[in-house]
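Novice: Protein chains in written order, with the working numbering: chain A, 578 to 878; chain B, 62 to 246.
Okay, handing you the structure first.
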Amino acid sequence: MKIIFSVLLIFVFTKSTFSQDVDSTDLMFLLDSEKSNKPIPVIATFKTTRIINGHSIEQVAGGILDVKISHRFGRLNEGAYNLFGLDYAYIRIGMDYGITNWLMVGLGRSSYEKMYDGFFKIKLQQQEENGNLLSVGILSSIMVNTLKLTDTNRPNNNSDRLYYAFQLLVANKLSENLSLQITPSLVHYNLVAKEEDPNDVIAIGVGARQKITKWVSFNLEYYFQIPKFKLPNTENVLSAGFDIETGGHVFQLFCSNSTGIPEKNFISGTTGKWYKGDVYFGFNIARVFTLTQEGRKTKWE
Amino acid sequence: MKTILLLLLVLNFAESQTEKSKLFMTRSGKISFHAGTPIEDIDPINNEVTSILNITNGELGFQVLIKAFHFKKALMEEHFNENYMESNSFPRSTFKGKITNLDDINFQKDGTYKAAIKGELTIKGIKKEIASSATLIVNGGKIIGTTKFKLEVADFKIEIPSLVSDKISKGVDVEVECRYEPRTK
Numbered sequence: 578m579k580i581i582f583s584v585l586l587i588f589v590f591t592k593s594t595f596s597q598d599v600d601s602t603d604l605m606f607l608l609d610s611e612k613s614n615k616p617i618p619v620i621a622t623f624k625t626t627r628i629i630n631g632h633s634i635e636q637v638a639g640g641i642l643d644v645k646i647s648h649r650f651g652r653l654n655e656g657a658y659n660l661f662g663l664d665y666a667y668i669r670i671g672m673d674y675g676i677t678n679w680l681m682v683g684l685g686r687s688s689y690e691k692m693y694d695g696f697f698k699i700k701l702q703q704q705e706e707n708g709n710l711l712s713v714g715i716l717s718s719i720m721v722n723t724l725k726l727t728d729t730n731r732p733n734n735n736s737d738r739l740y741y742a743f744q745l746l747v748a749n750k751l752s753e754n755l756s757l758q759i760t761p762s763l764v765h766y767n768l769v770a771k772e773e774d775p776n777d778v779i780a781i782g783v784g785a786r787q788k789i790t791k792w793v794s795f796n797l798e799y800y801f802q803i804p805k806f807k808l809p810n811t812e813n814v815l816s817a818g819f820d821i822e823t824g825g826h827v828f829q830l831f832c833s834n835s836t837g838i839p840e841k842n843f844i845s846g847t848t849g850k851w852y853k854g855d856v857y858f859g860f861n862i863a864r865v866f867t868l869t870q871e872g873r874k875t876k877w878e
Numbered sequence: 062m063k064t065i066l067l068l069l070l071v072l073n074f075a076e077s078q079t080e081k082s083k084l085f086m087t088r089s090g091k092i093s094f095h096a097g098t099p100i101e102d103i104d105p106i107n108n109e110v111t112s113i114l115n116i117t118n119g120e121l122g123f124q125v126l127i128k129a130f131h132f133k134k135a136l137m138e139e140h141f142n143e144n145y146m147e148s149n150s151f152p153r154s155t156f157k158g159k160i161t162n163l164d165d166i167n168f169q170k171d172g173t174y175k176a177a178i179k180g181e182l183t184i185k186g187i188k189k190e191i192a193s194s195a196t197l198i199v200n201g202g203k204i205i206g207t208t209k210f211k212l213e214v215a216d217f218k219i220e221i222p223s224l225v226s227d228k229i230s231k232g233v234d235v236e237v238e239c240r241y242e243p244r245t246k
């Protein structure tokens, strides 16, 4: 009996000290202890779906249409006569659409090589706080050159004019201001100029974004072509510029040694040399339109 | 001896009862706000608000994860987090306050009560005293609390660029609804 008694006594005593604890505990401390460790997706690794020429890890959200107008002017080293290249420009008009938050598709048409391109991009993994370390996505695009045939005497197949690009996008937002991406890429040519030219060009892209202010960031992008798998007389593409955001618009202003916009052109078809001043000023303007808002959690549940 | 034992048992039981019912809590409180203008609807909602109410002394606390506010437009949500609330630097907003007219409320009796609430709101690390009147519905051991109040964007160093200033209201109407249940741990 005595044992039961003392056990109970101890029980009551410890219990009251416990409740004493609760009494004296600050409510905010209690709330703090309720913090969940639920993973939270990391947003805005890059400002838009392109770093400069190449795709970023970003997707257009489900139900959003993103209209993109891209210009690449002439070379800066053309001098004052052509107003440093501003006298003429290549243009791409394109549209990206988010079917879901993880699947987007896009279509575009560039005046350079009268190239049509279509792609889909899939987000496989999203970087998270308390969760995934990296964001991972894939891009698959197809391009078709629709210039008039130059040599009608040789056999011409429609498939000869097709190009494909596949990219693995791996990105990390290191901090509030700095994001990095590595982009292993493959560009496939159905037909190349010479027999000894490779049909597959392999390149590794790296891209970075550094926020300067809340609305402006500095972007850098470089694609290194693996020497054994590159076409002759082509250069690695280096681009640098700024993202400027103004509400629903994003303006990207930059310089690059590429004049082409689709993957086939800028990854494997760049001929400009930075050190010779073969640098092209260019810009992308993106404007988003919300077509549907379904599937967004904005209702009182 | 037996009487003491019984007394202790009763005491133990009674104590656990009172302790249980002293703190009320929710992990799924709702906060929405309206910062829209005739040009643009801005009415996000957060369904993951945690709040604790101590009915013995009237203390009230809220913790709000900024990233849990969801907007109809994805881009708006991005701007909200990245540019206005800087939710990486200030992930949570808190409120710590008190019901000042505790005597008017009988938490043991079902009914609808008006509660005057006063306390300190912290948004983006900036503290501000606010007061609001709330409705408390006590029903079957649960408490539903609702309130509405107004905040000024400028009070919390939230800068709105002139380019979008006609789309975003300077005053924000906030709506809160919490369904409290006795806190069990």
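Virtual Cβ for every residue (Gly too), placed ideally from N, Cα, C.
Could you pull out every residue in the same chain whose Cβ sits closer than 7 Å to the Cβ of lysine 157 of chain B, ignoring the five residues on either side in sequence?
Specialist: Closer than 7 Å at the Cβ level, and outside the excluded window around lysine 157 of chain B, lie Gly122, Gly180, Glu181.
Novice: Mind checking if glycine 186 of chain B is an interface residue toward chain A, Cβ cutoff 8 Å exclusive?
Specialist: No, glycine 186 of chain B does not count as interfacial toward chain A.
Novice: Assuming the contact rule is C-beta atoms closer than 8 Å, phenylalanine 843 of chain A and glycine 837 of chain A should be a hit. Round their C-beta distance to whole Å, please.
Specialist: Indeed they touch by this definition, with Cβ atoms about 5 Å apart.
Novice: Please work out which residues of its chain come closer than 6 Å, Cβ to Cβ, to lysine 203 of chain B, disregarding the five sequence neighbours upstream and downstream, and give them in chain order.
Specialist: Counting only Cβ-Cβ distances below 6 Å, and skipping sequence neighbours, we find Glu242.
Novice: Pull up the CB-CB distance for leucine 746 of chain A and isoleucine 634 of chain A, whole angstroms please, since I reckon it's below 8 Å.
Specialist: Indeed they touch by this definition, with Cβ atoms about 5 Å apart.
Novice: Please look up how many angstroms separate the CB atoms of isoleucine 103 of chain B and alanine 96 of chain B, rounded, as I've assumed it's under 8 Å.
Specialist: Confirmed, Cβ separation roughly 4 Å.
Novice: Could you name the residues of chain B that valine 865 of chain A contacts, counting a contact when the two beta carbons are closer than 9 Å?
Specialist: Those within 9 Å of valine 865 of chain A in chain B are Lys134, Ala135, Leu136.
Novice: Quick one: using the 10 Å Cβ neighbour count with 16 as the cut-off for buried, is aspartate 694 of chain A buried or exposed?
Specialist: Burial call: buried.
Novice: What residues from the segment 173-207 of chain B come within 7 Å of chain A, judged by C-beta to C-beta, listed N to C?
Specialist: So the list is empty, because no residue satisfies the distance condition.
Novice: Quick check on the burial criterion: 16 or more other C-beta atoms within 10 angstroms. Buried or exposed for asparagine 733 of chain A?
Specialist: Classification for asparagine 733 of chain A: exposed.
Novice: Less than 6 Å between C-beta atoms, sequence neighbours within five positions excluded: which residues of the same chain meet that for lysine 788 of chain A?
Specialist: Once the five neighbours on either side are set aside, the close Cβ partners of lysine 788 of chain A are Asn754, Ser794.
Novice: Roughly how many angstroms separate the alpha carbons of glutamate 840 of chain A and phenylalanine 696 of chain A, rounded to a whole number?
Specialist: Going from the Cα of glutamate 840 of chain A to the Cα of phenylalanine 696 of chain A covers about 11 Å.
Novice: Around the C-beta of leucine 136 of chain B, are 16 or more other C-beta atoms found within 10 angstroms, so that it is buried, or is it exposed?
Specialist: Its Cβ being crowded by 16 or more others within 10 Å, leucine 136 of chain B is buried.
Novice: Mind checking if lysine 841 of chain A is an interface residue toward chain B, Cβ cutoff 8 Å exclusive?
Specialist: For lysine 841 of chain A, the answer is no, since every Cβ of chain B falls outside 8 Å of its Cβ.
Novice: Please give the ranges of any beta strand (DSSP E) in the segment 623-679 of chain A, keeping only runs that are unbroken, at least 3 residues long and fully inside the region.
Specialist: List check, beta strand (DSSP E) in window: 641-652, 666-675.
Novice: In the structure shown, what three-state DSSP assignment does methionine 146 of chain B receive?
Specialist: The answer is coil: DSSP assigns methionine 146 of chain B none of H, G, I, E or B.
Novice: Ignoring anything shorter than 4 residues, give me the alpha helix (DSSP H) runs that lie fully in the segment 130-187 of chain B, in order along the chain.
Specialist: Counting only runs of 4 or more, we get 135-140.
Novice: Mind checking the segment 110-122 of chain B against chain A and listing, in chain order, the residues whose C-beta falls within less than 7 Å of any C-beta there?
Specialist: From the segment 110-122 of chain B, only Thr111, Ile113, Asn115, Glu120, Gly122 have a Cβ closer than 7 Å to chain A.
Novice: Any heavy atom of the ligand ATP closer than 7 Å to the beta-carbon of isoleucine 229 of chain B?
Specialist: The ligand ATP is not part of this structure, which contains no ligands at all.
Novice: Exposed or buried, what is asparagine 735 of chain A when buried is set at 16 or more other beta-carbons lying within 10 Å of its beta-carbon?
Specialist: It counts as exposed.
Novice: Mind checking the segment 212-226 of chain B against chain A and listing, in chain order, the residues whose C-beta falls within less than 9 Å of any C-beta there?
Specialist: Those would be Glu220, Pro222, Leu224, Val225, in chain order.
Novice: Quick one, are the C-beta atoms of lysine 691 of chain A and leucine 724 of chain A less than 8 Å apart?
Specialist: Taking 8 Å as the Cβ cut-off, lysine 691 of chain A and leucine 724 of chain A qualify as a contacting pair.
Novice: Measuring CA to CA, which of A/Asp609, A/Gly631, A/Phe806 is closest to asparagine 861 of chain A?
Specialist: Here the closest residue by C-alpha is A/Gly631.
Novice: Hey, how far is the Cα of leucine 680 of chain A from the Cα of threonine 173 of chain B?
Specialist: Leucine 680 of chain A and threonine 173 of chain B: Cα-Cα distance of roughly 49 Å.
Novice: From this set, A/Leu797, A/Thr790, A/Leu768, which residue's C-alpha is nearest glycine 782 of chain A's C-alpha?
Specialist: Checking every option, the nearest Cα to that of glycine 782 of chain A belongs to A/Leu797.
Novice: With a 10 Å radius around its C-beta and 16 neighbouring C-beta atoms as the bar for buried, classify glutamate 143 of chain B as buried or exposed.
Specialist: That one is buried.
Novice: State buried or exposed for phenylalanine 85 of chain B, treating a residue as buried only when at least 16 other CB atoms are found within 10 Å of its CB.
Specialist: When all chains shown are included, phenylalanine 85 of chain B counts as buried.
Novice: For lysine 750 of chain A, count the other beta carbons within 10 Å of its own beta carbon; 16 or more makes it buried, fewer makes it exposed. Which is it?
Specialist: Under this definition lysine 750 of chain A is a buried residue.
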